[in-house]
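Peer 1: The structure is given below, and queries will be raised subsequently.
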Amino acid sequence: MHLPEQKLKQILLESGLISEETFENAKTEAARSGQTIINILIGRGEMTEEYFAELLSQYLNVPLANLKERTPDPKNLALLPESLAKEKRVVVFEKEPGLTRVAMEDPADLETIEYLKQKLGGEIEPYLATPSDLRFAFKIYKKDIAKEFKKIIEENIAQTLTQTKEGKDLERLAENMPVISMVDNIVEYATISNASDIFFERSAEGVTVRYRIDGILRDIVAMPKEVHPGIIARIKILAALKIDEHRAPQDGRFKFKAEEQPVDIRVSIMPTFYGEKAVMRLLRSSARPLNLTDLGILSETKAIIEENITKTHGMILVTGPTGSGKTTTLYALLQILNKPEVSISTIEDPIEYDIQGISQTQVNPRANITFANGLRSLMRQNPDIIMVGEIRDNETADIAINSALTGHLMLSTLHTNDAISAIPRFLDLGIPAFLISSTLNVIIAQRLVRKNCIHCVRSIETPAEVKKEIEKQLRSVYGEGKIKRVIPAIIFQGAGCDVCGHTGYSGQIGIFEALNVSPRIRDLINKGLTASELKKIALEEGMIFMFEDGLTKVEKGVTSIEEVLRVIKE
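Position 143 (the sequence shown) corresponds to 133 in the numbering used here; numbering is contiguous.
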């Protein structure tokens, strides 16, 4: 909702949450970037969306909706058409004779309240809804979309088969409405389902469409093999690829609008034995970078990271396998560092979030913009902070290390299983130990786990075999030393419900560890100590390892022990 700037400032300063200087800095950034002051403060981690909602609730004397705790009945939601609900930023969540309770982004909007009285009849009781509340409610509107989606696909398959039999050429087939509708619906349903990737896989039997949701692949729909040429041709046209090239890999991209939100889609086409396979990566350009708390970084690890990002030079590394959320963490760090008084430049592949105030460059091998060449050119741009999407080779590693040594703060990622393994990985890339110890500030390692569905999560006694596995993992952390953690007697897991698609999970969160490269650790790197010896010293200095972080989230009911064990063993 819109609040006068002075009133907003008064509310925030009286809360004691931020200082006047912090507010004025956010105000300057908001004017420069076009974002709201609140979004700037939330993005920087100065406050959470929930905390601001509580302040606003007290100021307006209006209760919070908390829709995730009292899931709206679809029948109540249906009292307002979805398009109207999105336009007015309001949903119906409870209905009684003569009284309708609504969740509104702006409960002070008297015009909308009067409109709802006329439309719904009776009195309207407004509740304050956060943007997250409304996003959650809008998803429920789509509860039955799976049936509708399958019906549309089946109808389009039938029409496509008829046209394929008529012998239409690929280009004409790709421009026909059934194929267009089929591809559009597959992409739109993927967006609604919060999928990160779409797979079109050809086999002897036909074509399988699969989505990657919360890091896990799910079969969505099977189609006859006859529709395969038309679908692949349509994808190639959208991504501006060669429609008649079937033997070589091709990469492209296109933009798509779903749910009123733009989606940037990267396309990869690869020849396989039965025909071309297409994979789409969905990048939601409207998504905002998260702050450290939203990512799931616990207070002890967060303190180590925040201490190191205040340094003006050196290197911050984020490590983990592909798909572990490294880039999202880098963006969260950039959000904190993004201030008017510093110059920040990035080299990325791809640019996943557009951040105002930061110069972002896309890797483009055809234009000779690689990570190494781009970084070399960036050094002539006089940046204070540099982010390189990934250190893949010796050349990039060498330039990155030298950048960190010459007064720049360097952020990047590396493919290693844990934080300590980044050190031998740099040695493998030909970087001398004395340079590694001189430049590294902190190494963050992470994985993504699925979160327990809040609608069906339940507690159970920890089975004996699970206790043994937890003890085994803790022993691998502490070695021969005393295990400091108590094995939980109660753990949590989702039972499965309609909201989570009967998986027991909804959404993802990170589990983390952060190696603070202290003077003692620097000395040990110079002496060439092994990873196990470094681990022992890190433990002595209080480092919390990834499995411990995951176990804490299990104890809090955030995720399941099965999820933590799954990603730790990857």
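Note that CB positions come from ideal geometry on N, CA and C, so glycine has one too.
Please give me, in chain order, every unbroken run of the beta strand (DSSP E) with length at least 3 that falls completely inside the region 267 to 335.
Peer 2: For the region 267 to 335, whole beta strand (DSSP E) runs of length 3 or above, ordered along the chain, are 304 to 309.
Peer 1: From what residue to what residue does the alpha helix (DSSP H) around Arg366 run?
Peer 2: Where Arg366 is concerned, the enclosing alpha helix (DSSP H) stretches over Phe361 to Leu368.
Peer 1: To test your reading of the DSSP string, which unbroken alpha helix (DSSP H) runs of 4 or more residues are found completely within the region 453 to 497?
Peer 2: Listed in chain order, they are 454 to 468.
Peer 1: Going by other Cβ atoms of all chains shown within 10 Å of its Cβ, with 16 needed for buried, is Arg415 buried or exposed?
Peer 2: Arg415 should be labelled buried.
Peer 1: From Phe189 to Glu385, what distance separates their C-alpha atoms?
Peer 2: So the alpha carbons of these two residues sit roughly 33 Å apart.
Peer 1: When DSSP builds the beta bridges, which residues end up paired with Leu228?
Peer 2: The partner list for Leu228 (beta bridge, DSSP) is empty, contrary to what the question assumes.
Peer 1: On the DSSP bridge list, what partners appear for Ser562?
Peer 2: The structure shown does not extend to residue 562, since the chain spans only -9 to 560, so no value can be given for it.
Peer 1: Could you say if the region 501 to 516 and the region 427 to 441 meet the contact criterion of at least three C-beta pairs nearer than 8 Å?
Peer 2: The region 501 to 516 vs the region 427 to 441: in contact.
Peer 1: Check whether the Cβ atoms of Pro355 and Leu273 sit closer than 8 Å, and answer yes or no.
Peer 2: Their beta carbons are not under 8 Å apart, which means Pro355 does not touch Leu273 by this criterion.
Peer 1: Measure the C-alpha to C-alpha separation of Asp234 and Ala212 and round it to an integer number of angstroms.
Peer 2: Rounded to the nearest angstrom, the two C-alpha atoms are 25 Å apart.
Peer 1: When burial is assigned at 16 or more other CB atoms within 10 Å of the CB, is Pro252 buried or exposed?
Peer 2: Classification for Pro252: exposed.
Peer 1: Can the beta-carbon of Lys58 be found closer than 8 Å to that of Phe126?
Peer 2: Contact flag set, yes.
Peer 1: If I'm right that Pro261 touches His236 with Cβ under 8 Å, what's the distance once you round it to whole angstroms?
Peer 2: Right, their Cβ atoms sit about 6 Å apart.
Peer 1: Going by DSSP, what residue range makes up the alpha helix (DSSP H) through Ala357?
Peer 2: Run containing Ala357: none; DSSP gives neither H nor E here.
Peer 1: Please classify Lys441: does DSSP put it in a helix, a strand, or coil?
Peer 2: Here Lys441 sits in strand by DSSP.
Peer 1: Just how far apart, CA to CA, sit Ile515 and Ile421?
Peer 2: Near 12 Å, if we compare the C-alpha coordinates of Ile421 and Ile515.
Peer 1: In the structure shown, what three-state DSSP assignment does Ser193 receive?
Peer 2: Three-state DSSP puts Ser193 in coil, outside helix and strand.
Peer 1: How would you label Thr102, buried or exposed, when you count the other beta carbons within 10 angstroms and need 16 or more for buried?
Peer 2: Classification of Thr102: buried, given that the 10 Å Cβ count is 16 or more.
Peer 1: Have a look at Phe263 and His218 and give me their C-alpha separation to the nearest angstrom.
Peer 2: Their Cα atoms are separated by approximately 14 Å.
Peer 1: If we count the other Cβ atoms within 10 Å of its Cβ and call it buried at 16 or more, is Tyr201 buried or exposed?
Peer 2: The residue is buried, with at least 16 neighbouring Cβ atoms inside 10 Å.
Peer 1: Considering only the alpha carbon of each residue, which of Asp241, Asp284, Lys245 and Leu395 lies closest to Ile306?
Peer 2: Out of Asp241, Asp284, Lys245 and Leu395, Leu395 has the C-alpha closest to the C-alpha of Ile306.
Peer 1: What is the DSSP secondary structure of Asn51, reduced to helix, strand or coil?
Peer 2: Coil, per DSSP.
Peer 1: Tell me the residue span of the alpha helix (DSSP H) that contains Leu395.
Peer 2: Asn384 to Leu395 is the extent of the alpha helix (DSSP H) around Leu395.
Peer 1: Leaving out five residues on either side along the sequence, give the residues of the same chain with a beta carbon under 8 Å from the beta carbon of Leu50.
Peer 2: These residues qualify, in order along the chain: Pro97, Ala98 and Leu118.
Peer 1: In the DSSP assignment, what residue or residues form a beta bridge with Asn506?
Peer 2: Answer is Val432, bridged to Asn506.
Peer 1: Fully enclosed by the region 86 to 134, which beta strand (DSSP E) runs are 3 residues long or longer?
Peer 2: For the region 86 to 134, whole beta strand (DSSP E) runs of length 3 or above, ordered along the chain, are 89 to 94 and 113 to 118.
Peer 1: Taking the alpha carbon of Ile227 as the reference point, which residue from Ile558, Gly265 and Val173 has its own alpha carbon closest?
Peer 2: Comparing Cα positions, the closest option is Val173.
Peer 1: Apart from the five residues on each side of it in sequence, which residues of its chain come closer than 7 Å, Cβ to Cβ, to Gln149?
Peer 2: Closer than 7 Å at Cβ, skipping near neighbours: Pro168.
Peer 1: If you follow the alpha helix (DSSP H) that Leu3 is part of, which residue opens it and which one closes it?
Peer 2: Its alpha helix (DSSP H) spans residues Glu(-5) to Ser5.
Peer 1: So the alpha helix (DSSP H) Pro252 belongs to, where does it begin and stop?
Peer 2: Premise fails: Pro252 lies in the beta strand (DSSP E), Gln251 to Thr262, not in any alpha helix (DSSP H).
Peer 1: Are at least three pairs of beta-carbons, each pair with one atom in the region 477 to 487 and one in the region 544 to 552, less than 8 Å apart?
Peer 2: Segments in contact, yes.
Peer 1: Thinking just about the alpha-carbon of each residue, which of Phe246, Ser73 and Pro121 is nearest to the one in Thr181?
Peer 2: Comparing Cα-Cα distances from Thr181 to each of Phe246, Ser73 and Pro121, the minimum goes to Phe246.
Peer 1: Starting from Gly540, trace the alpha helix (DSSP H) both ways and give me its first and last residue.
Peer 2: That run of the alpha helix (DSSP H) goes Met536 to Glu545.
Peer 1: Work out the CA separation of Glu84 and Ala93 for me, nearest whole Å.
Peer 2: Taking the straight line from one Cα to the other gives about 9 Å.
Peer 1: Are three or more beta carbon pairs between the region 297 to 311 and the region 387 to 401 nearer than 8 Å?
Peer 2: The answer is yes - the region 387 to 401 touches the region 297 to 311, with three or more Cβ pairs under 8 Å.
Peer 1: How would you label Pro373, buried or exposed, when you count the other beta carbons within 10 angstroms and need 16 or more for buried?
Peer 2: The residue in question, Pro373, is buried, as its Cβ has 16 or more Cβ neighbours within 10 Å.
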